[in-house]
Amino acid sequence: MKHILVPVDFSKHSAYALEVAAGIARQQKADITVIHMIGISEAVIAEEEFLEYEEAKYFMGLAKQRFKSFLDKPYLKGIVIHKIVQNYKVFSELNHVAKEQNIDLIVMGSHGSTGFNEIFIGSNAEKVVRTSEVPVLIIKQQNSDFRIKNILFGCSFTEDMVLPYRKVKSMAQKFSAKLKLVYINTPFEDFLSTPEAEKRIADFMSKAQETNYKVEIYNDYTVENGLLNFTKTEKFDLLALPTHGRKGLAHFLLGSIGEDIANHAKLPVMTLKI
């Protein structure tokens with residue numbers, strides 16, 4: 022993990038994300054790129070090319086000035102910081118930036134109070150989660166001493182979850198963290214008896230070429246409640262979840278489940294592309 026991307030809007034929540042990113046960068050000896058998206062609307066931009074250029078130059082200059090105070094933080098000392106100001110309007114474009122900059126992780130701030138569509142400037146966090154091909158870490162609270170020691174990974178243990186499982190396992194190894202696996206069993210959709218759940222998990226681990234594993238089977242009325250309740254059973258630093266990205270959120274990230282997890286989980290949430 023050598024390069025971290027942090028979208029900022031100069032709010033306290035993006036500052037929380039930057040501080041967490043700094044902690045990770047220090048542990049992993051990584052660079053940080055901060056990006057501010059101006060998003061000048063078509064109504065603001067004048068038709069004449071010269072005025073359009075002057076308008077964009079003004080807002081970019083303003084953003085660069087704000088970077089000076091925003092990045093003047095003790096926790097950033099010694100970390101290589103790159104700055105990008107772009108007139109992007111769609112946060113899905115961050116995936117292009119991530120590719121161009123060889124980004125390993127995106128860290129985003131989240132209000133996490135009134136629904137996923139209120140996370141980090143409207144619905145942009147959801148768009149980033151759906152489109153990003155690199156892991157996205159969502160931060161909602163200040164955590165000045167962020168350390169990844171215990172990771173909880175929940176999934177359906179179907180074949181398409183093998184890749185995100187390998188990603189989160191690799192991440193756990195990079196941080197020398199413990200990785201706990203959980204399957205949430207519900208009485209409605211996708212209910213499995215204990216033998217059925219054990220067989221599914223065994224088949225999954227065989228495909229993942231794992232011989233030494235332990236998966237907790239946790240029963241609850243909904244998957245989101247199961248995950249949230251399970252995070253209270255131990256001290257976890259991170260909840261990792263797989264997503265299908267552009268094809269929609271996977272298994273337990275359908276409908277309002279992703280919103281509930283993102284808004285109600287007290288610990289940071291990381292999504293990994295399937």
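Residue numbers (my numbering): 22 to 295.
Using N, Cα and C, we set each Cβ at its ideal position, and we do this for glycine too.
Small disclaimer: the values here were computed from a predicted structure and weren't measured.
**Request:** Mind the definition here: the region 213-224 touches the region 158-170 only if three or more C-beta pairs lie below 8 angstroms; say whether that holds.
**Result:** Proximity of the region 213-224 to the region 158-170 falls short of the contact definition, fewer than three beta-carbon pairs being nearer than 8 angstroms.
**Request:** Mind checking which residues open and close the beta strand (DSSP E) that includes residue 196?
**Result:** For the purposes of this step, residue 196 is identified with residue 175 of the sequence shown, where counting begins at 1. Following the DSSP letters along the chain, one finds residue 196 in no beta strand (DSSP E), marked with neither H nor E.
**Request:** Pull up the distance between the alpha-carbon of residue 221 and that of residue 256, whole angstroms please.
**Result:** Residue 221 sits at position 200 when you count from the first residue of the sequence shown. Residue 256 sits at position 235 when you count from the first residue of the sequence shown. Cα-Cα distance, rounded: 27 angstroms.
**Request:** Closer than 6 angstroms by C-beta to residue 269: which residues in its own chain qualify, once you throw out the five before and the five after it? Chain order, please.
**Result:** For the purposes of this step, residue 269 is taken as residue 248 along the sequence shown, with counting starting at 1. Only weak support is given to the placement of residue 269: the predicted model assigns it a pLDDT of 42, under 50, and the question is left unresolved by the model.
**Request:** Measuring alpha carbon to alpha carbon, tell me which of 149, 103, 185, 157 ends up nearest residue 263.
**Result:** As a working note, residue 263 is residue 242 in the sequence shown. Here the closest residue by C-alpha is 185.
**Cα-Cα separation between residue 43 and residue 190, rounded to whole angstroms** = Here residue 43 refers to the residue found at position 22 when the sequence shown is read from its first residue. Here residue 190 refers to the residue found at position 169 when the sequence shown is read from its first residue. Approximately 22 angstroms between the Cα atoms of the pair.
**Prompt:** How should residue 197 be labelled, buried or exposed, when 16 other C-beta atoms within 10 angstroms of its C-beta is the threshold for buried?
**Reply:** Residue numbering aside, residue 197 sits at position 176 when the sequence shown is read from its first letter. Around the beta carbon of residue 197, fewer than 16 other beta carbons lie within 10 angstroms, which makes this residue exposed.
**Request:** Determine the direct distance from the alpha carbon of residue 104 to that of residue 26, and round the result to whole angstroms.
**Result:** Residue 26 sits at position 5 when you count from the first residue of the sequence shown. Residue 104 sits at position 83 when you count from the first residue of the sequence shown. Distance between the alpha carbons of residue 26 and residue 104: 10 angstroms.
**Request:** With a threshold of 16 other CB atoms inside 10 Å of the CB of residue 153, please say whether the residue is buried or exposed.
**Result:** Translated into the one-based positions of the sequence shown, residue 153 becomes position 132. Classification of residue 153: buried, given that the 10 Å Cβ count is 16 or more.
**Prompt:** When you compare each of 95, 253, 239 to residue 219 by their alpha carbons, which one comes out closest?
**Reply:** Against the sequence shown, residue 219 aligns to sequence position 198. Cα-wise, what sits closest to residue 219 is 239.
**Prompt:** What residue from 177, 226, 224, 159 has the CA that sits closest to residue 287's CA?
**Reply:** For the purposes of this step, residue 287 is taken as the residue at position 266 of the sequence shown. Shortest Cα-Cα distance from residue 287 to any of 177, 226, 224, 159 involves 159.
**Asked** On the premise that residue 293 lies in contact with residue 188, defined as a C-beta separation below 8 angstroms, what is that separation, rounded to the nearest angstrom?
**Response** On the sequence shown, residue 188 is found 167 positions in, with the first residue counted as 1. On the sequence shown, residue 293 is found 272 positions in, with the first residue counted as 1. With a Cβ gap of about 5 angstroms, residue 188 and residue 293 count as contacting.
**Prompt:** Helix, strand or coil: how does DSSP classify residue 171 here?
**Reply:** The sequence position of residue 171 within the sequence shown is 150, counting from 1. In the structure shown, residue 171 adopts extended strand secondary structure according to DSSP, grouped into three states.
**Request:** Can you give me the Cβ contacts of residue 181 inside the same chain, cut-off strictly under 6 angstroms, excluding the 5 residues immediately before and after it?
**Result:** Looking up residue 181 in the sequence shown gives position 160. If we look at residue 181 and ignore the five residues flanking it on each side, its Cβ neighbours are 295.
**Item:** Residue span of the beta strand (DSSP E) that contains residue 292, given as start and end
**Value:** Working through the sequence shown from its first residue, we reach residue 292 at position 271. Judged by DSSP secondary structure, residue 292 falls within the beta strand (DSSP E) whose first and last residues are 290-294.
**Request:** Just tell me which of 36, 236, 245, 235 has its CA closest to the CA of residue 130.
**Result:** In the sequence shown, the residue the question calls residue 130 occupies position 109. Of the candidates 36, 236, 245, 235, the one whose C-alpha sits nearest the C-alpha of residue 130 is 36.
**Prompt:** Where does residue 161 land, buried or exposed, given buried means 16+ other C-beta within 10 angstroms?
**Reply:** By one-based count along the sequence shown, residue 161 stands at place 140. Note on residue 161: 16 or more other CB atoms within 10 angstroms of its CB, so buried under the neighbour-count rule.
**Message:** Using DSSP's beta-bridge definition, name the partner residues of residue 103.
**Reply:** Here residue 103 is taken as the residue at index 82 of the sequence shown, counted from 1. Answer by DSSP bridge pairing, in chain order: 54.
**Request:** Check the DSSP bridge columns for residue 237 and list the partner residues they point to.
**Result:** Here the question's residue 237 lines up with position 216 in the sequence shown. Among the bridge pairs identified by DSSP, residue 237 is matched with 203.
**Asked** Considering only residues of the same chain and omitting the five flanking positions on each side of residue 55, which have a CB-CB separation below 6 angstroms?
**Response** The residue labelled residue 55 in the question sits at position 34 within the sequence shown. Excluding its 5 nearest sequence neighbours in each direction, residue 55 has C-beta neighbours in its own chain below 6 angstroms: 27, 29, 104, listed in chain order.
**Request:** Report buried or exposed for residue 99, applying the criterion of at least 16 other Cβ atoms within 10 angstroms of its Cβ.
**Result:** Within the sequence shown, the letter at position 78 stands for residue 99. Only exposed fits residue 99, as fewer than 16 other CB atoms lie within 10 angstroms of its CB.
**Prompt:** Buried or exposed: which applies to residue 83, given that a residue is buried once 16 or more other Cβ atoms fall within 10 Å of its Cβ?
**Reply:** For the purposes of this step, residue 83 is taken as the residue at position 62 of the sequence shown. Residue 83 comes out exposed.
**Prompt:** With residue 200 and residue 236 assumed to form a contact (beta carbons below 8 angstroms), what rounded beta-carbon distance in angstroms separates them?
**Reply:** Along the sequence shown, one-based indexing puts residue 200 at 179. Along the sequence shown, one-based indexing puts residue 236 at 215. That pair is no contact at about 11 angstroms.
**Item:** Terminal residues of the beta strand (DSSP E) in which residue 28 lies
**Value:** Walking along the sequence shown from the start, residue 28 turns up at place 7. Element bounds for residue 28: 24-28.
**Message:** Contact defined as beta carbons within less than 8 angstroms: I believe residue 106 pairs with residue 127. What is the distance between those atoms, to the nearest angstrom?
**Reply:** For the purposes of this step, residue 106 is taken as residue 85 along the sequence shown, with counting starting at 1. For the purposes of this step, residue 127 is taken as residue 106 along the sequence shown, with counting starting at 1. Actually they are not in contact, since the Cβ atoms of residue 106 and residue 127 sit about 17 angstroms apart, beyond 8 angstroms.
**Request:** Would you kindly check if the distance between the Cβ of residue 91 and the Cβ of residue 31 is under 8 angstroms?
**Result:** As a working note, residue 31 is residue 10 in the sequence shown. As a working note, residue 91 is residue 70 in the sequence shown. Between residue 31 and residue 91, the C-beta gap is smaller than 8 angstroms, which places the two residues in contact.
**Prompt:** In whole angstroms, what is the alpha-carbon distance linking residue 132 and residue 121?
**Reply:** Taking the first residue of the sequence shown as position 1, residue 132 is located at position 111. Taking the first residue of the sequence shown as position 1, residue 121 is located at position 100. C-alpha separation (whole angstroms): 28 angstroms.
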